[in-house]
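Student: 211 is the number that numbering that gives the first Met the number 0 gives to position 212 of the sequence shown; each next residue is one higher, with no gaps.
One structure is given below, represented as structure tokens, and several questions about it will come after.
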Amino acid sequence: MAEPLILALDQGTTSTRAILFDAQGHALAEAGRPLEQFYPADGWVEHDANEIFATSVAVMKEAIETSGRPIEDVTAIGITNQRETVVIWDKATGEPIHRAIVWQDRRTASTCEQLRRAGHEARVTEITGLLLDPYFSGTKIAWLLGDVPGARARAQAGELLVGTMDTWVIWKLTGGKVHATDATNASRTLLFDIRKQRWSQELLQLLDVPASLLPDVRDCAADYGQTDAALLGRAIPIRGVAGDQQAALMGQGCIRPGEMKATYGTGCFMLINTGEAAPLSRAKLLTTVAARLNGKTTYALEGSIFIAGAALQWINEGLNVPGGGSAIEALAQSAKEDHGVVMVPAFTGLGAPWWDAEARGALFGLTRDTTLAEISQAAFDACALQTRDLVEAMRADAPNAFGEAVEIRIDGGMSRSSWFSQRLADLTGVPVGRATYQETTALGAALFAGLGVGVYATVEAAAAARPATERHDPKLDGHGREAAYARWLDAVARVRTEG
């Protein structure tokens, strides 16, 4: 019998990709397609849900064909997705009633502010672990029901369905037979009680969302039906689903309390597994579902940095430094020691734990001999120091999970730099494990599917099927680290508009 293969579908914000993995977690083939973004108004971001489904089918077919392996060897599909993007569609025709509203969309900011002023945020956070922010799906659903003509009446009549991108793709792949999501995606909607693990009637009433719209909530490794045989050449079971950051947590093997990962792209998402405890954050981190397996829920604290790799892009484009990230890294490595330059890259405000949307970026400590080298190093350091902010917040919120043996497992574009990985360890004081294989989100989806189809007997066996990491231990002395962090905190205080 041929070795079983697992196909991961990674439905992202700017592209849809498929990667075919073997049982040891090795990528055999991949394919991708870009997605068109629509910006109909200031702060509005939309996707064409039909395009998302079409590209999903196309990339899965291409990955299988490119591998040269027969489709019969593909034992299961795992799906991961941009978590808060949402669409409503007609149950009978399968046609969306409006373009999908993307997680980045800010059109419901005023709704969130009204709810906050009415005193609802504390209760929303208590139930969902989230803040009242247009980032999450719930107010997007409410907007669609209120602003698309006839939508609310049709929803109340049971004619419509809603879902994040995993739900939409599953429904289409199964020919409308399965309307389901997993607990990680459900936990990002503002409508899900993360402790009771069910849709919250209280929040459905608050946002005026009919329960009949909502999908069934299942484990991350579970039966999500099978694909229509006409789509890929044969029916393939869908057995794993997780939101992108939780899939990356699995792909990094962070299955025990205290294990954490950080993904460095345009921004940075950092999660720490808190086990069966779902701590209510005092530092404005998000409490979210890390995974649900065999009916058992594990939780995570999540913090987001708005600007990580985008700070390097600004130097590249805004300061006209050619050559991309590698050229900026070379400049950073040539910086003078103890130069004292601090960059606060609050180009779009400050994320966790500050949550100051009105803060703006600044450079501090400039002298006559400051050059692009020192500014470049300050951009890299800003990523590390923002990570230190999250480390301190997580340590305060989950002291039982944050043990001495903890390390930050990193992936994403900036983690390709061994130099930055060492800088991160030095400035946070926490060992760093750099993933040698970067596509940890797709890998996590494949591992969940492998669990769901029996390729792996246990979650430990699944987590072991991942590439090794390159470890970086802190080398900077404690005095130097704390001095750098003190300069950072002083700079942050100077740009903040709140608190």
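Glycine included, each C-beta is placed from N, C-alpha and C at the ideal position.
None of the values given here were measured: they were computed from a predicted structure.
With a threshold of 8 Å, are at least 3 pairs of Cβ atoms found where one atom belongs to the stretch 245-258 and the other to the stretch 95-102?
Tutor: The stretch 245-258 vs the stretch 95-102: no contact.
Student: Who are the near neighbours of Thr265 in its chain, counting only those whose CB is closer than 6 Å to its CB and skipping five residues on each side?
Tutor: On the sequence shown, position 266 is the one that residue 265 refers to. Cβ neighbours of Thr265 beyond the five flanking positions: Gly308 and Ala309.
Student: Do you know how far the Cα of Ala229 is from the Cα of Gly350?
Tutor: For the purposes of this step, residue 350 is taken as the residue at position 351 of the sequence shown. For the purposes of this step, residue 229 is taken as the residue at position 230 of the sequence shown. Taking the straight line from one Cα to the other gives about 45 Å.
Student: Extract the residue ranges of the alpha helix (DSSP H) inside the stretch 219-245, only unbroken runs of 4 or more that lie entirely within it.
Tutor: Taking only runs of at least 4 residues, the alpha helix (DSSP H) segments lying wholly in the stretch 219-245 are 228-231.
Student: Should Pro502 go down as buried or exposed, given a rule of 16 or more other Cβ atoms within 10 Å for buried?
Tutor: With the chain covering only 0 through 498, there is no way to say anything about residue 502.
Student: So is Ala121 buried or exposed if we call it buried at 16+ other beta carbons inside 10 Å?
Tutor: Taking the first residue of the sequence shown as position 1, residue 121 is located at position 122. By the neighbour-count rule (16 or more Cβ atoms within 10 Å), Ala121 is not buried but exposed.
Student: Going by the beta-carbon positions, is the gap between Ala75 and Val452 smaller than 7 Å?
Tutor: Within the sequence shown, residue 75 is the residue found at index 76, counting from 1. Within the sequence shown, residue 452 is the residue found at index 453, counting from 1. Yes, these two residues count as a Cβ contact at 7 Å.
Student: Can you find the residues in the same chain that come closer than 7 Å, C-beta to C-beta, to Ala247, ignoring five residues on each side of it along the sequence?
Tutor: Locating residue 247 in the sequence shown gives position 248, where the first residue counts as 1. Same-chain partners within the cutoff: Lys260, Thr262, Asp410, Thr439, Thr440 and Gly443.
Student: State the Cα-Cα distance for the pair Leu206 and Thr138, rounded to the nearest angstrom.
Tutor: Along the sequence shown, one-based indexing puts residue 206 at 207. Along the sequence shown, one-based indexing puts residue 138 at 139. If I take the Cα positions, the gap works out to 7 Å.
Student: By DSSP, does Cys10 sit in helix, in strand, or in coil?
Tutor: Here the question's residue 10 lines up with position 11 in the sequence shown. The question names Cys, but residue 10 is Gln in the sequence shown. Strand.
Student: Should Ala91 go down as buried or exposed, given a rule of 16 or more other Cβ atoms within 10 Å for buried?
Tutor: For the purposes of this step, residue 91 is taken as the residue at position 92 of the sequence shown. Exposed: under 16 other Cβ atoms inside 10 Å.
Student: Given this structure, state the Cα-to-Cα distance separating Cys219 from Asp47, to the nearest angstrom.
Tutor: The sequence position of residue 219 within the sequence shown is 220, counting from 1. The sequence position of residue 47 within the sequence shown is 48, counting from 1. Spanning the two alpha carbons is a distance of roughly 26 Å.
Student: Let me check one thing: in DSSP terms, what residues is Lys295 bridge-paired to?
Tutor: Counted from its first residue, the sequence shown places residue 295 at position 296. Partner(s): Leu292.
Student: Going by Cα to Cα distance, which pick from Phe135, Leu279 and Leu362 is closest to Leu501?
Tutor: The chain is shown from 0 up to 498; residue 501 falls before or after that span and cannot be answered.
Student: Classify Glu201 as buried or exposed, calling it buried when 16 or more other Cβ atoms lie within 10 Å of its own Cβ.
Tutor: Sequence index remark: in the sequence shown, residue 201 carries index 202 (1-based). That one is exposed.
Student: Taking the Cβ atom as the reference point for each residue, do Ala345 and Arg359 lie within a distance shorter than 7 Å?
Tutor: Reading the sequence shown from its first residue, position 346 is the one you call residue 345. Reading the sequence shown from its first residue, position 360 is the one you call residue 359. Closer than 7 Å, so yes.
Student: Where does Ile140 sit, in a helix, a strand or coil, going by DSSP?
Tutor: Taking the sequence shown and counting its residues from 1, the one referred to as residue 140 is at position 141. Three-state result, Ile140: helix.
Student: Around the C-beta of Gln155, are 16 or more other C-beta atoms found within 10 angstroms, so that it is buried, or is it exposed?
Tutor: In the sequence shown, residue 155 corresponds to position 156, counting from 1. Exposed, by the Cβ-count rule.
Student: Please check the pair Leu426 and Leu384, which I expect to be a contact at CB under 8 Å, by giving their CB distance rounded to whole angstroms.
Tutor: The residue labelled residue 426 in the question sits at position 427 within the sequence shown. The residue labelled residue 384 in the question sits at position 385 within the sequence shown. With 8 Å as the limit, Leu426 and Leu384 qualify as a contact, their Cβ atoms being about 6 Å apart.
Student: Going by DSSP in three states, Asn315 sits in which element: helix, strand or coil?
Tutor: Here residue 315 is taken as the residue at index 316 of the sequence shown, counted from 1. Three-state result, Asn315: helix.
Student: Which residues share a DSSP beta bridge with Cys267?
Tutor: Within the sequence shown, residue 267 is the residue found at index 268, counting from 1. According to DSSP, Cys267 bridges with Tyr263 and Ile304.
Student: Please state the DSSP three-state secondary structure of His478.
Tutor: Within the sequence shown, the letter at position 479 stands for residue 478. His478: helix per DSSP, three-state reduction.
Student: Note down, in chain order, each residue of its chain lying with its Cβ closer than 8 Å to the Cβ of Arg187, except the 5 sequence neighbours on either side.
Tutor: In the sequence shown, counting from the first residue as 1, residue 187 sits at position 188. If we look at Arg187 and ignore the five residues flanking it on each side, its Cβ neighbours are Arg82, Glu83, Leu129, Phe135, Ser136, Thr163, Gly242 and Thr287.
Student: State the DSSP-derived secondary structure class of Asp165, mapped to helix, strand or coil.
Tutor: On the sequence shown, position 166 is the one that residue 165 refers to. In this structure, Asp165 counts as helix in the three-state DSSP scheme.
Student: So for Leu190, helix, strand or coil by DSSP?
Tutor: Sequence index remark: in the sequence shown, residue 190 carries index 191 (1-based). Coil.
Student: Between the alpha carbons of Asn319 and Ala40, how many angstroms are there, rounded?
Tutor: Position 320 of the sequence shown, counted from the first residue, corresponds to residue 319. Position 41 of the sequence shown, counted from the first residue, corresponds to residue 40. So the two alpha carbons sit approximately 29 Å from each other.
Student: If we ignore side chains and look at the alpha-carbon of each, how far apart do Val499 and Ser211 end up?
Tutor: Examination of residue 499 is not possible in this model, given that the chain is present from 0 through 498 alone.
Student: In the DSSP assignment, find the beta strand (DSSP E) that holds Ala434 and state where it starts and stops.
Tutor: Counted from its first residue, the sequence shown places residue 434 at position 435. It spans Val431 to Ala434 - the beta strand (DSSP E) in which Ala434 sits, taken as one unbroken run.
Student: Could you tell me whether the Cβ atoms of Gln23 and Asn80 are closer together than 7 Å?
Tutor: Taking the sequence shown and counting its residues from 1, the one referred to as residue 23 is at position 24. Taking the sequence shown and counting its residues from 1, the one referred to as residue 80 is at position 81. Taking 7 Å as the Cβ cut-off, Gln23 and Asn80 do not qualify as a contacting pair.
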